[in-house]
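Undergrad: A single structure is presented below for examination.
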Amino acid sequence: MRCRTFQRNLVSYLYGDLSGWRRRRADRHLQQCAECRSLFEQTGSVRNLVASLPDETVPDELARRTLQQARRAAVTVHAPRRSLLLHPAFGFAVVLIAVGVALWTQMPSNVPQENYATDRSMETVSEKAVPQRIDVLSAGEPKADQVAVAFDQDAADKPRERMKMLPTDTPVVTLCLNGGGEETARKAFLDAMEVYNRAFRETGEKRQALLKSSLYPFQQISVIRDGGAWQLLAMALCADIHRTLGEPEKAVDLCQQILKQSRDYPEVTRETRVALLKILLIDKKDYDAAEKEAQALLQSDPPRASALETCFLMGDSLADRQPKAASGWFRKAQELADRGSAEYDRAGFARAQLDARFAQGNYITSWRFIGPFDDPPEQRLITKQPPEDEIDFTKRYPGAGGNTVKWMLPEMAADFRRPIPEGTGLRFDWHFRPCDHQSIYAVTFVRSPEKLPVNLLIGSDDSVRCWVNDELVWSNPCIRGLQPDQDTVPATLRKGWNKIMLKVANNLGVWGFYFQIVDRQGEFRFDLEIDSNAKEAYEKWMLR
29 MRCRTFQRNL
39 VSYLYGDLSG
49 WRRRRADRHL
59 QQCAECRSLF
69 EQTGSVRNLV
79 ASLPDETVPD
89 ELARRTLQQA
99 RRAAVTVHAP
109 RRSLLLHPAF
119 GFAVVLIAVG
129 VALWTQMPSN
139 VPQENYATDR
149 SMETVSEKAV
159 PQRIDVLSAG
169 EPKADQVAVA
179 FDQDAADKPR
189 ERMKMLPTDT
199 PVVTLCLNGG
209 GEETARKAFL
219 DAMEVYNRAF
229 RETGEKRQAL
239 LKSSLYPFQQ
249 ISVIRDGGAW
259 QLLAMALCAD
269 IHRTLGEPEK
279 AVDLCQQILK
289 QSRDYPEVTR
299 ETRVALLKIL
309 LIDKKDYDAA
319 EKEAQALLQS
329 DPPRASALET
339 CFLMGDSLAD
349 RQPKAASGWF
359 RKAQELADRG
369 SAEYDRAGFA
379 RAQLDARFAQ
389 GNYITSWRFI
399 GPFDDPPEQR
409 LITKQPPEDE
419 IDFTKRYPGA
429 GGNTVKWMLP
439 EMAADFRRPI
449 PEGTGLRFDW
459 HFRPCDHQSI
469 YAVTFVRSPE
479 KLPVNLLIGS
489 DDSVRCWVND
499 ELVWSNPCIR
509 GLQPDQDTVP
519 ATLRKGWNKI
529 MLKVANNLGV
539 WGFYFQIVDR
549 QGEFRFDLEI
559 DSNAKEAYEK
569 WMLR
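Counting from 29, one number per residue, gives the positions in the sequence shown under the numbering used here.
Below, the structure is given as structure tokens:
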């Protein structure tokens with residue numbers, strides 16, 4: 029199934045209306061496509077919020093007006109090549125309008141009649157600018173090039189004018205929110221959603237421009253007095269926009285503000301915690317903060333589906349870095365899931381994979397590499413190269429054979445693992461030819477939960493040197509075949525981040541190494557976080 033097909037069927041998939049074979053295809057696509065998975069999670073979160081609200085009777089006036097507008101739209105809009113009703117962004121808008129219907133009867137009834145936003149059509153906008161004074165907002169004054177727009181009842185009788193859209197660089201609504209209230213917030217929210225939904229029908233710079241355009245009215249709503257659930261939803265969408273625009277710090281701050289204000293809305297609190305957890309894990313990679321947030325979410329006695337989602341998020345994110353912690357989260361997922369269910373089987377399979385890794389030992393294969401460099405046999409290992417003086421992933425250096433070398437990305441380690449059984453070691457001779465009398469440097473960073481005495485188990489072909497936190501702890505100028513655990517090197521890891529660097533020099537033929545960390549009894553009894561890109565984190569830790 030392609031992305032376009034999945035997005036066209038997203039609403040039916042979300043509500044379980046797809047036939048068996050279509051749903052299975054959608055399941056497989058969802059596992060493989062990160063973009064569609066993110067869109068599915070976003071739409072599902074809003075659906076959960078709507079489902080938590082009490083059912084309310086739709087007012088006759090609203091039903092009549094909605095039917096009238098739908099009929100006019102059917103006459104005005106030409107039939108598209110594909111139905112917009114199945115577009116995920118349109119479905120997202122429909123869900124949010126349903127929120128408005130559910131909250132209709134909860135709106136304050138004593139709003140002054142002179143407030144233009146209370147007695148005019150929420151479906152239409154007029155081109156007449158209605159200047160308003162915004163004196164209760166902390167989000168800042170509207171920009172000079174932004175116009176205030178008012179709802180105009182007359183426009184309801186002009187279908188073509190109703191379909192006109194504002195320029196993409198102007199927010200849909202710049203409202204006077206004097207006095208505030210849920211009624212004003214609701215109407216402003218629904219109008220701002222038009223631009224937000226349009227953004228997800230675009231890509232690239234146009235999507236970003238529309239998201240930025242919708243951000244301003246959402247910011248207005250988020251500071252309205254007594255805005256109720258609409259204020260919280262506007263804050264949540266501001267957080268989502270900031271995250272999409274690559275501003276996770278602002279998104280985290282907004283999520284934390286929502287958590288402080290959402291005590292009367294437990295579903296909003298729960299969904300916000302899940303969103304915050306994803307930002308911490310995926311965008312910020314702050315695993316300590318994510319651990320605290322996940323524990324807080326589980327302690328709030330969430331529905332089983334939310335608890336399982338939390339466990340899988342933590343387990344999947346920690347599987348490569350902290351396998352023991354990940355195994356614990358998958359075990360928790362098995363405890364929550366029904367035996368024999370898909371969730372139970374998924375958690376069990378993940379735990380089995382991690383247990384197999386434990387059985388193989390704690391071999392580290394995530395490294396940044398640079399080389400090859402010339403390493404003449406008469407000066408084996410002692411020929412000093414630039415990585416021994418500095419680690420700068422942006423620099424290039426003269427390498428073997430007059431070539432220029434630079435630091436390789438960690439993803440290249442996957443190519444070096446392939447010739448090694450079980451992927452526990454690395455080989456370079458299949459990728460660098462010729463490779464006689466050459467050396468390569470490998471660096472990674474290990475975070476230890478406490479000060480730990482350990483043994484480094486090293487196997488190499490041929491010679492090898494090892495530094496821990498820039499201190500040379502091992503040098504073996506040998507010529508030997510490649511086998512695991514040939515050298516046992518005592519070392520001590522500091523609490524926090526530790527830098528480990530290897531220099532592996534080849535004589536002739538096979539060229540590679542094995543490396544793992546165990547305790548002094550030779551067992552893997554503790555959990556270490558491995559990150560070959562954690563240079564900045566290591567340097568900050570060393571400055572403490």
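Here a beta-carbon is modelled for each residue, glycine too, at the ideal position from N, C-alpha and C.
Looking at C-alpha atoms only, which residue of TYR224, PRO245 and TYR244 is the closest neighbour of ARG573?
TA: What the structure shows of the chain is the stretch from 29 to 572, and residue 573 is not part of that stretch, so it cannot be assessed.
Undergrad: From the DSSP output, in three-state form, read off ARG32 for me.
TA: Looking at ARG32 - three-state DSSP - the assignment turns out to be helix.
Undergrad: Quick check: what's the CA-CA separation for GLN381 versus ARG445?
TA: 18 Å
Undergrad: Following the continuous alpha helix (DSSP H) through PRO294, name the residue where it begins and the one where it ends.
TA: 294 to 306
Undergrad: Straight-line CA distance for GLU371 to GLU499?
TA: 46 Å
Undergrad: Is THR21 helix, strand or coil when you go by DSSP?
TA: The requested residue 21 is not part of the displayed model; the chain covers only 29 to 572.
Undergrad: Helix, strand or coil: which one does DSSP assign to ALA365?
TA: coil
Undergrad: Our contact map puts PRO400 next to CYS494 with C-beta atoms below 8 Å; I'd like the distance itself, whole angstroms only.
TA: Wrong, their Cβ atoms sit about 18 Å apart, outside the cutoff.
Undergrad: Within 10 angstroms of the Cβ of ARG379, are there 16 or more other Cβ atoms? Answer buried if so, exposed if not.
TA: Buried.
Undergrad: Residues in its own chain within less than 7 Å of THR300 by CB, not counting five upstream and five downstream?
TA: ALA264, CYS283, ILE286, LEU287 and SER290
Undergrad: Can you name the start and end residues of the alpha helix (DSSP H) that TRP495 belongs to?
TA: TRP495 -> not in any alpha helix (DSSP H); beta strand (DSSP E) instead, spanning 491 to 496.
Undergrad: Based on Cα-Cα distance, which residue from ARG65, VAL532, VAL474 and LEU480 lies nearest to GLY509?
TA: VAL532
Undergrad: By the 10 Å Cβ neighbour count, where 16 or more other Cβ atoms means buried, how is SER503 classified, buried or exposed?
TA: exposed
Undergrad: In its own chain, which residues sit with a C-beta less than 6 Å from the C-beta of SER40, not counting the 5 before and 5 after it?
TA: LEU46
Undergrad: Put GLU275 into one of helix, strand or coil per three-state DSSP.
TA: coil
Undergrad: For ASP513 versus TYR469, is the C-beta spacing smaller than 8 Å?
TA: no
Undergrad: Do you know offhand how far TYR566's Cα is from ILE558's?
TA: Cα to Cα, TYR566 sits roughly 12 Å from ILE558.
Undergrad: Look at the Cβ atom of PRO351, then the Cβ atom of ASP555, and state whether they are nearer than 8 Å.
TA: Yes, the pair counts as a contact, with Cβ atoms nearer than the cut-off.
Undergrad: Using only CA atoms, which one of LYS412, ASP292 and ASP311 lies nearest to GLY274?
TA: ASP311
Undergrad: Could you tell me the distance, in whole angstroms, from the CA atom of GLY232 to the CA atom of HIS270?
TA: 15 Å
Undergrad: Say the cut is 7 Å; is the CB of PHE377 nearer than that to a heavy atom of the ligand SAH?
TA: Annotation note on the ligand SAH: not contained in the displayed structure, which lists no ligands.
Undergrad: Measure the C-alpha to C-alpha separation of GLU418 and ILE410 and round it to an integer number of angstroms.
TA: Each residue's CA atom was taken as its position, placing GLU418 and ILE410 some 17 Å apart.
Undergrad: From the DSSP output, which residues share a beta bridge with ASP402?
TA: GLN466
Undergrad: Thinking C-beta only, is LEU325 closer than 8 Å to LEU305?
TA: yes
Undergrad: DSSP three-state call for ASP547: helix, strand or coil?
TA: strand
Undergrad: Taking DSSP as the reference, what is the three-state secondary structure of THR422?
TA: coil
Undergrad: Less than 7 Å between C-beta atoms, sequence neighbours within five positions excluded: which residues of the same chain meet that for ILE507?
TA: The beta carbon of ILE507 sits closer than 7 Å to the beta carbons of ASP490 and ASN535 from its chain, once the five residues preceding and following it are set aside; these are given in chain order.
Undergrad: Taking the alpha carbon of LEU437 as the point to measure from, which residue in GLY430, GLY451, THR422 and ILE252 has its own alpha carbon closest?
TA: THR422
Undergrad: Among all the DSSP beta bridges, which residues are the ones paired with MET529?
TA: VAL471 and TRP495
Undergrad: Considering only residues of the same chain and omitting the five flanking positions on each side of GLU319, which have a CB-CB separation below 6 Å?
TA: none
Undergrad: Identify whether THR452 lies in helix, strand or coil by the three-state DSSP scheme.
TA: coil
Undergrad: Who are the Cβ neighbours of ARG359 in its own chain at under 7 Å, not counting the five residues just before and after it?
TA: ARG379
Undergrad: Using 8 Å as the threshold, is the C-beta distance between SER560 and ASN526 below it?
TA: no
Undergrad: Please state whether DSSP places LYS563 in a helix, a strand or coil.
TA: helix
Undergrad: What would DSSP say about PRO415, mapped onto helix, strand or coil?
TA: Looking at PRO415 - three-state DSSP - the assignment turns out to be helix.
Undergrad: Verify whether the separation of the beta carbon atoms of THR272 and LEU239 is less than 8 Å.
TA: yes
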